[in-house]
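Chemist: Okay, handing you the structure first.
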Amino acid sequence: MKRFLKEPLVHFTVLALTIFAAYGLVDRRAGPAPDRIVVTAPKIEQLAAIFARIRQRPPRAEELKGLIDDYVKEEIYVREALVLGLDEDDAVIRRRLRLKMEFLDDAVVDALAPTESELDTYLRTHAADFQVDSMLAFQHVFLSPERHGEKVAQQAASVLELLLTDPAIDTASLGDATLLPGELPLSSKTAIAQTFGDDFAEAVDTAMPGRWTGPIESSFGVHLVRVSERRPGYVPALAEVRDAVAREWVNARRREIDEARFKALLDRYQVSIEGFTQPSASP
Amino acid sequence: MSRMKALAGLALLLLTPPAIGQAGQEAVGISGTLTEGTAEKVFPTERPYSPYAGRNFPTRPFFGDTHLHTAVSFDAGFFGARLTPRDAYRFARGEEIVATGGEPARLSRPLDFLVVADHSDNMGVFPDLLAGKPEILADPKARAWYDMIQSGRGAEAAVQIIVAFGEGTVPDVLKYGPETRAYKSTWQDTIKAAEEYNDPARFTAFIGYEWTSNTGGNNLHRNVIFRDGGAKASQVVPYTTAQPLGSDDPRDLWDWMRAYENKTGGNVLAIAHNGNLSNGIMFPLIESFTGKPVDRAYAERRARWEPLYEVTQQKGDGETHPLLSPNDEFADYETWDDGNLDATVAKKPEMLEFEYARSALRNGLVLAARLGTNPYKFGMIGSSDSHTGLAAMEEENYFGKTSAMEPSPERLTEPFFANEKTGITVMDWQASASGYAAVWATENTREALWDAMQRKETYATTGSRMMVRFFGGFDFDAADADNRNPGATGYSKGVPMGGDLGPAPAGKAPTFLVAALKDPLGANLDRYQIVKGWVDGRGRTQEKAYDVAWGGNRAPGPDGKVPSVGSTVDVENATWTNTIGAPELIAVWQDPDFDPELRAFYYGRVIEIPTPRWTAYDAKRYGVEPLEGTQMTITERAYTSPIWYTPPAR
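Residue numbers (my numbering), protein chains in the order written: chain A, 2 to 284; chain B, 137 to 786.
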């Protein structure tokens, strides 16, 4: 039975029966004078304008007639649907209306214009969100665990010694071939992590620049690394990140406005929730 | 909950929105047909000392999602999605946000780009009041609200306005009839959100929408992606499918795209998806709208506007089907073949040929010979089609197809939707945590990414971020596989994925330089395969998958196939180890069966070793027993755009 109740077909059947029943209750012939639908000139203009926006050309005469007829049909169906209460308990319509209410905030949000000092305060209180990554340039020699097996650590130690004793050595002659770039120009730590993984990027970021060091492990294998340049991360000045700060300031205000507005509206309601018991703390 | 989901599933089918588009401008960059002249121009033989000077080819792929829905899509809203385009962009660029269901959500690492592809309509607001029109400001009450908003007390003003409407005390100047109400569309707001989060070189926020042609439940959906910013995109509104304003025929969408380009000087492209739910009409030989064979105009326009196909996503993988590729042991992957999108019509085997990428690429060769243009000359991308606002397609971090399917103990056992009449039931567990689009662009900007999509220098992944190279030419030799920089070799001696092999020099067969590097957070690679499709001497299409590089010590069997890599997956604990397979693969392969008189295409398929599927992580984390038959492991994969060979005209 539970499964039966879940079937959409059942829902539709029940809905259809309800509609027919409702129609039966409304005696059309005995009703008052027919409702009027007036298609005004501005409405026709609007229909034509929407058409032009979508099709990127104005409608031809017969197309405009089609739009008007379609509008009349829609208007009649919408009115009748509202009479039948078909808008009630309709999840799509309710969510749409809720979204529209939230969308009202946007008019207000659009009008916001933060001052320099507001932005400056926001930047200082949310410094971590705007932190600029450290930038690193490095070379590395790669050793593949597939190729060296358990001797990979030993191999790494001897290659490191070569690199330290002969700084002019051609690094391409050392280590194993890999698809990882052998040398990276100045790149952000995030970009390095995208290719080499987080742990590797972290280790390279803390390596002493200018000298070969290692082994540093990645999920690909073992690396000997020489950082040639490191520009430390920093919290930027407002001028450098003004747009991003303004965007986040506005987003924060958007949330505040929505919360404040909802609270104000909630205050106008008395809400009673019946038959709900707070779930007890789980064992 | 499950009743809601069943209805919601149905609604998704009925309401999914549409998209299409593309621009036919000359591809920018280094693609197209390889000739000696072009190769020399791009890669002068005298190389400068610095390996980076003059380098203008893409050095790393950018990963993103070209197909994400938010609460603005009304079907997503029906499923309960609360997240907005702004939330979606924030999540994609790596921020932690709270999902609709209340769970905090964050990606393992940022994506490089995102297209929010919602549908749109008009929503009324009070723009005139904010614009401070004189007739409005003349009214004391309206003036007071205006001043409140200007002084930062907008929330207060908004409440007062709402209350005034409710009490019928709103000033006449603010009352709009339906004919005169000023509208601000969600489209404008979606554009604005993309503009705010587009951060060239760090994160690209594309403007886009979905055109949802779905007549009879047969999926012909397309996503339209703009190369341009808001200045151009806001001059138009998205094309729709509803008559009389819109149309469900892709030809009409292509008209819209052309009109957009003519009007604005901008560029758009369209990406179709879910041929598997089209019931035989996604890649037609006989057009469903006319009942006539696909003609030259259709072929030319489809080729021009639709350079890519979304070959993998949550509602099933679309590379090929086991019945179409019976000799391909990897063909049955996340297959959704019960019926059309709303499950109102069950699948028949004869529909499959016109639904999957590989068979379409094959038929495209035949159509190219007949019509002079190949309508199905497309590249490959993957994307999520998530309706949650969250592009979260990692197996251990999967936030579901809809907000009703966000992480919960129930989603292992609940139906996604069911259709009594056809007897089709699709369970939540069948949703695939897939996929992402990988783009070989020179930089992370709208322009560079879009141009790379246009020239098809892209590949699809099922959620993994493996790096895949695929180059074709006539001069690659075994030593090129020892090179540490396949990019430099590949571009100088061949064409990348999405390109065309030029005429074959006498006695030479095509060679391919292939390379793949595992996802830094992911599993080792099992094998790199090349899938070849061709038209034989009798005009019939053929296909074959070749193993060209693989991890570990395995030798191909007598049938030429490399044996299975095995599995390290512990399903119960949802773990695996990288003790089989290889972190990287590289090889040069030459087609052993080449006939210069026959049309052909080649694409790469890279397969990871088996790993736990999202269902295994859920079973472990929630302690829920999965239903019998639930798929618990997965072999993530990538599909590259093809490289085509066309025999010289005689």
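No residue lacks a Cβ here, since even glycine has one placed at the ideal position from N, Cα and C.
Just so you know, these numbers come straight off a predicted model, no measurement behind them.
Within 10 angstroms of its Cβ, does B/Pro-180 collect 16 or more other Cβ (buried), or is it exposed?
Modeler: As a working note, residue 180 of chain B is residue 44 in the second sequence. Note that B/Pro-180 scores a pLDDT of 43, beneath 50, so its modelled location is shaky; the value from the coordinates is reported in the next line. Exposed, by the Cβ-count rule.
Chemist: Roughly how far, in whole angstroms, is the beta-carbon of A/Ser-145 from the beta-carbon of A/Lys-190, given that I think they are within contact range, below 8 Å?
Modeler: For the purposes of this step, residue 145 of chain A is identified with residue 144 of the first sequence, where counting begins at 1. For the purposes of this step, residue 190 of chain A is identified with residue 189 of the first sequence, where counting begins at 1. Going by Cβ atoms, the distance from A/Ser-145 to A/Lys-190 rounds to 25 Å, so no, they are not a contact pair.
Chemist: To be precise: take each residue of the stretch 369-381 of chain B, compare its Cβ to all Cβ atoms of chain C, and keep it if any distance is under 7 Å. Which residues remain?
Modeler: Looking at the structure shown, chain C is missing, and the protein chains on hand are A and B.
Chemist: Hey, A/Leu-225 and A/Pro-237: beta-carbon distance below 8 Å or not?
Modeler: Working through the first sequence from its first residue, we reach residue 225 of chain A at position 224. Working through the first sequence from its first residue, we reach residue 237 of chain A at position 236. In this structure, A/Pro-237 does not lie closer than 8 Å to A/Leu-225 by Cβ.
Chemist: Given this structure, state the Cα-to-Cα distance separating B/Gly-145 from B/Tyr-282, to the nearest angstrom.
Modeler: In the second sequence, the residue the question calls residue 145 of chain B occupies position 9. In the second sequence, the residue the question calls residue 282 of chain B occupies position 146. Low confidence applies here, because B/Gly-145 scores a pLDDT of 41, under 50, leaving its location unreliable and the question unanswered by this model.
Chemist: Output, in sequence order along the chain, the residues in the stretch 185-206 of chain A whose CB is closer than 9 Å to any CB in chain B.
Modeler: Against chain B - using a Cβ distance shorter than 9 Å - the residues of the stretch 185-206 of chain A are Pro-186, Ser-189, Thr-191, Ala-192, Ala-194, Gln-195, Thr-196, Phe-197, Gly-198, Asp-199 and Phe-201.
Chemist: Roughly how many angstroms lie between the CA atoms of A/Val-109 and B/Glu-292, to the nearest whole one?
Modeler: As a first step, residue 109 of chain A is located in the first sequence; it is residue number 108 there, counting from the start. As a first step, residue 292 of chain B is located in the second sequence; it is residue number 156 there, counting from the start. Between A/Val-109 and B/Glu-292, the C-alpha separation is close to 10 Å.
Chemist: Comparing the C-beta of A/Phe-52 with each C-beta of chain B, is any distance below 8 Å?
Modeler: Here residue 52 of chain A refers to the residue found at position 51 of the first sequence. At least one chain B Cβ lies under 8 Å of A/Phe-52.
Chemist: Straight-line CA distance for B/Gln-566 to B/Ala-235?
Modeler: Your numbering for residue 566 of chain B matches position 430 in the second sequence. Your numbering for residue 235 of chain B matches position 99 in the second sequence. Distance between the alpha carbons of B/Gln-566 and B/Ala-235 is about 22 Å.
Chemist: Measure the C-alpha to C-alpha separation of B/Leu-657 and B/Thr-322 and round it to an integer number of angstroms.
Modeler: Position 521 of the second sequence, counting from 1, holds the residue named residue 657 of chain B. Position 186 of the second sequence, counting from 1, holds the residue named residue 322 of chain B. Cα-Cα distance, rounded: 37 Å.
Chemist: What residue range does the beta strand (DSSP E) around B/Glu-331 cover?
Modeler: Mapped onto the second sequence, residue 331 of chain B falls at position 195. Premise fails: B/Glu-331 lies in the alpha helix (DSSP H), 322-333, not in any beta strand (DSSP E).
Chemist: What residues in the stretch 218-235 of chain A have a beta carbon less than 9 Å from any beta carbon of chain B?
Modeler: Residues Ser-219, Ser-220, Phe-221 and Gly-222.
Chemist: Am I right that B/Asn-415 and B/Trp-472 are in contact with their C-beta atoms under 8 Å? What's the rounded C-beta distance?
Modeler: Here residue 415 of chain B corresponds to residue number 279 of the second sequence, with the count starting at 1. Here residue 472 of chain B corresponds to residue number 336 of the second sequence, with the count starting at 1. Not confirmed; about 12 Å, so no contact.
Chemist: My parser needs the alpha helix (DSSP H) runs of 4 or more residues fully inside the stretch 176-221 of chain A; what are they?
Modeler: Taking only runs of at least 4 residues, the alpha helix (DSSP H) segments lying wholly in the stretch 176-221 of chain A are 190-197 and 199-206.
Chemist: Can you tell me whether DSSP reads B/Val-164 as helix, strand or coil?
Modeler: Working through the second sequence from its first residue, we reach residue 164 of chain B at position 28. Its pLDDT being 33, under 50, B/Val-164 is placed unreliably in this model, and the value from its coordinates should be taken loosely. The answer is coil: DSSP assigns B/Val-164 none of H, G, I, E or B.
Chemist: Just mark A/Arg-361 as buried or exposed, buried being the case when its beta carbon has 16 or more other beta carbons within 10 Å.
Modeler: Summary: the structure shown does not reach residue 361 of chain A, with chain A confined to residues 2 through 284, and so no result is reported for it.
Chemist: Of the residues A/Glu-81, A/Thr-196, A/Ala-154 and A/Leu-187, which one's Cα is nearest the Cα of B/Leu-247?
Modeler: Residue numbering aside, residue 247 of chain B sits at position 111 when the second sequence is read from its first letter. Answer by Cα proximity: A/Thr-196.
Chemist: Tell me whether B/Asn-510 sits in a helix, a strand or coil according to DSSP, three-state version.
Modeler: For this step, residue 510 of chain B is matched to residue 374 along the second sequence. DSSP places B/Asn-510 in coil when its eight states are reduced to three.
Chemist: Could you give the DSSP three-state label for B/Trp-750: helix, strand or coil?
Modeler: Locating residue 750 of chain B in the second sequence gives position 614, where the first residue counts as 1. Note: B/Trp-750 maps to helix in three-state DSSP.
Chemist: Give the residues of chain A in contact with B/Ile-722, contact being defined as C-beta atoms less than 7 Å apart.
Modeler: Your numbering for residue 722 of chain B matches position 586 in the second sequence. Residues of chain A passing the Cβ test: Leu-180.
Chemist: Could you work out which residue in B/Ala-505, B/Thr-625, B/Glu-231 and B/Arg-218 is closest to B/Gly-238 when comparing CA atoms only?
Modeler: On the second sequence, position 102 is the one that residue 238 of chain B refers to. That would be B/Arg-218, whose Cα lies nearest to the Cα of B/Gly-238.
Chemist: Tell me the rounded alpha-carbon separation between B/Ala-253 and A/Thr-172.
Modeler: Numbered from its first residue, the second sequence carries residue 253 of chain B at position 117. Numbered from its first residue, the first sequence carries residue 172 of chain A at position 171. Roughly 47 Å separates the two Cα atoms.
Chemist: Rounding to the nearest angstrom, what Cα-Cα distance links A/Ile-51 and B/Arg-674 in this structure?
Modeler: The count along the first sequence starts at 1 and reaches residue 51 of chain A at position 50. The count along the second sequence starts at 1 and reaches residue 674 of chain B at position 538. So the two alpha carbons sit approximately 53 Å from each other.
Chemist: Could you check how far apart the C-beta atoms of B/Leu-477 and B/Gly-353 are, in whole angstroms? I think they sit under 8 Å.
Modeler: As a position in the second sequence, residue 477 of chain B is number 341, starting the count at 1. As a position in the second sequence, residue 353 of chain B is number 217, starting the count at 1. Contact flag correct, Cβ pair sits at about 5 Å.
Chemist: Give me the Cβ distance between B/Glu-593 and B/Gly-626, rounded to the nearest whole Å; I'm assuming they're in contact under 8 Å.
Modeler: Residue 593 of chain B sits at position 457 when you count from the first residue of the second sequence. Residue 626 of chain B sits at position 490 when you count from the first residue of the second sequence. With a Cβ gap of about 11 Å, B/Glu-593 and B/Gly-626 do not count as contacting.
Chemist: Looking at the secondary structure, which residues open and close the alpha helix (DSSP H) in which A/Asp-90 lies?
Modeler: On the first sequence, position 89 is the one that residue 90 of chain A refers to. A/Asp-90 -> no alpha helix (DSSP H), and no H or E assigned at all.
Chemist: Quick test of your reading: B/Gly-571 and B/Ser-519, contact by CB under 8 Å. State the CB separation rounded to the nearest angstrom.
Modeler: By one-based count along the second sequence, residue 571 of chain B stands at place 435. By one-based count along the second sequence, residue 519 of chain B stands at place 383. With a Cβ gap of about 6 Å, B/Gly-571 and B/Ser-519 count as contacting.
Chemist: With H, G and I counted as helix, E and B as strand and the rest as coil, what does DSSP make of A/Arg-30?
Modeler: Within the first sequence, the letter at position 29 stands for residue 30 of chain A. Note that A/Arg-30 scores 48 on pLDDT, short of 50, meaning its location in the model is unreliable; the coordinates nonetheless yield the value given after this. If DSSP states are grouped into helix, strand and coil, A/Arg-30 belongs with coil.
Chemist: Strictly by DSSP, which residues pair up with A/His-224?
Modeler: Here residue 224 of chain A is taken as the residue at index 223 of the first sequence, counted from 1. Note: A/His-224 sits in a beta bridge opposite A/Phe-143 and A/Ile-217.
Chemist: Given that a residue counts as buried once 16 or more other Cβ atoms are within 10 Å of its Cβ, and exposed if not, what is B/Gln-450?
Modeler: Here residue 450 of chain B refers to the residue found at position 314 of the second sequence. Per the 10 Å Cβ criterion, buried.
Chemist: Less than 7 Å between C-beta atoms, sequence neighbours within five positions excluded: which residues of the same chain meet that for B/Ala-341?
Modeler: Position 205 of the second sequence, counted from the start, is the residue given in the question as residue 341 of chain B. Taken in chain order, the residues that qualify are Tyr-225, Leu-250, Ala-330, Tyr-333 and Asn-334.
Chemist: Express the C-alpha separation of B/Val-650 and B/Gly-740 in angstroms, rounding to a whole number.
Modeler: Here the question's residue 740 of chain B lines up with position 604 in the second sequence. Here the question's residue 650 of chain B lines up with position 514 in the second sequence. Their Cα atoms are separated by approximately 8 Å.
Chemist: Within 10 angstroms of the Cβ of A/Met-209, are there 16 or more other Cβ atoms? Answer buried if so, exposed if not.
Modeler: As a position in the first sequence, residue 209 of chain A is number 208, starting the count at 1. A/Met-209 comes out exposed.
Chemist: Could you check how far apart the C-beta atoms of B/Ala-527 and B/Ala-228 are, in whole angstroms? I think they sit under 8 Å.
Modeler: Numbered from 1 along the second sequence, position 391 holds the residue referred to as residue 527 of chain B. Numbered from 1 along the second sequence, position 92 holds the residue referred to as residue 228 of chain B. That belief holds up - the Cβ atoms of B/Ala-527 and B/Ala-228 are roughly 5 Å apart, short of 8 Å.
Chemist: Would you tell me roughly how many angstroms separate the C-alpha atoms of B/Val-306 and B/His-357, rounded to the nearest one?
Modeler: Translated into positions along the second sequence, residue 306 of chain B becomes position 170. Translated into positions along the second sequence, residue 357 of chain B becomes position 221. Each residue's alpha carbon lies about 43 Å from the other.
Chemist: Starting from A/Ile-1, trace the alpha helix (DSSP H) in both directions and tell me its first and last residue.
Modeler: Any property of residue 1 of chain A remains undetermined from this structure, which presents chain A solely from 2 to 284.
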